[in-house]
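At position 158 of the sequence shown the residue is numbered 162 (this note's numbering), and the sequence of numbers has no breaks.
Cβ coordinates follow ideal geometry from the N, Cα and C atoms, glycine included.
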Amino acid sequence: MPASLHQQDRVVLRPNRLQGVLILLLAIGVGLMSMALLIEFPLAGLGGLGISGFGLKCAQSRLRRGATWIEIDSFGFRLCRNYRVQNFSWEEVDHFEIRSNQNAECSTIPMLWMIPTDNEEAVHIPSCFGKRLDEMLELVSHHHNRSQALMANLKRFESTLTTP
């Protein structure tokens, strides 16, 4: 079987490099301010250095080639985060949804989630690919629905072959 029946349907999204550069500059600025705070306020300086380190890690995952990407085609999608690739076929996907991640009483962060068919834990799809959440939801749902329709047609065709 060829790598992709519909090569034109293959979509590869990579993180927005401008966002990565802005995160890098912000992390460097916070790091420099934190170093200046170390003498007078050591605890605040150490906390700031920790935040700066986290920002540098986020920038690195957006700026280094191959660190983070998503590839969508007619067979499923592959999600790479920090060089770790996860493969999902469309048969494993029940649906996609945007839901809020409740991290405090008043604060919610909307995120895109893939809900698997076998009641496993939902998979978070990062929102760093230069598309709004609703655009990403539409893109992955379109490919998923199209695959489901093709599978239903294939099953109907196979059933006509087995009946006399």
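Under 9 Å between C-beta atoms of residue i and residue j
{"i": "Arg14", "j": "Ser56", "result": "no"}
{"i": "Met140", "j": "Leu116", "result": "yes"}
{"i": "Gly35", "j": "Leu67", "result": "no"}
{"i": "Trp73", "j": "Leu17", "result": "yes"}
Residue i burial status per 10 Å Cβ neighbour count (16 or more: buried)
{"i": "Ser38", "result": "buried"}
{"i": "Ala153", "result": "exposed"}
{"i": "Leu83", "result": "buried"}
{"i": "His148", "result": "buried"}
{"i": "Ile27", "result": "buried"}
{"i": "Phe45", "result": "exposed"}
{"i": "Met5", "result": "The predicted model places Met5 with a pLDDT of 36, which falls under 50 and marks its position as unreliable, so this point remains unresolved."}
Presumed contact (8 Å Cβ cut-off) between residue i and residue j, rounded CB distance
{"i": "Leu137", "j": "Ile102", "result": "5 Å"}
{"i": "Val127", "j": "Phe81", "result": "Rounded, the Cβ-Cβ distance is 10 Å, inconsistent with contact."}
CA-to-CA distance, residue j to residue i, given in whole angstroms
{"i": "Pro19", "j": "Ala31", "result": "18 Å"}
{"i": "Asn86", "j": "Ala71", "result": "5 Å"}
{"i": "Thr164", "j": "Pro120", "result": "30 Å"}
{"i": "Ala48", "j": "Gly33", "result": "15 Å"}
N-terminal and C-terminal residue of the alpha helix (DSSP H) that residue i is part of
{"i": "Asn91", "result": "Element bounds for Asn91: not the alpha helix (DSSP H) but the beta strand (DSSP E), 88–93."}
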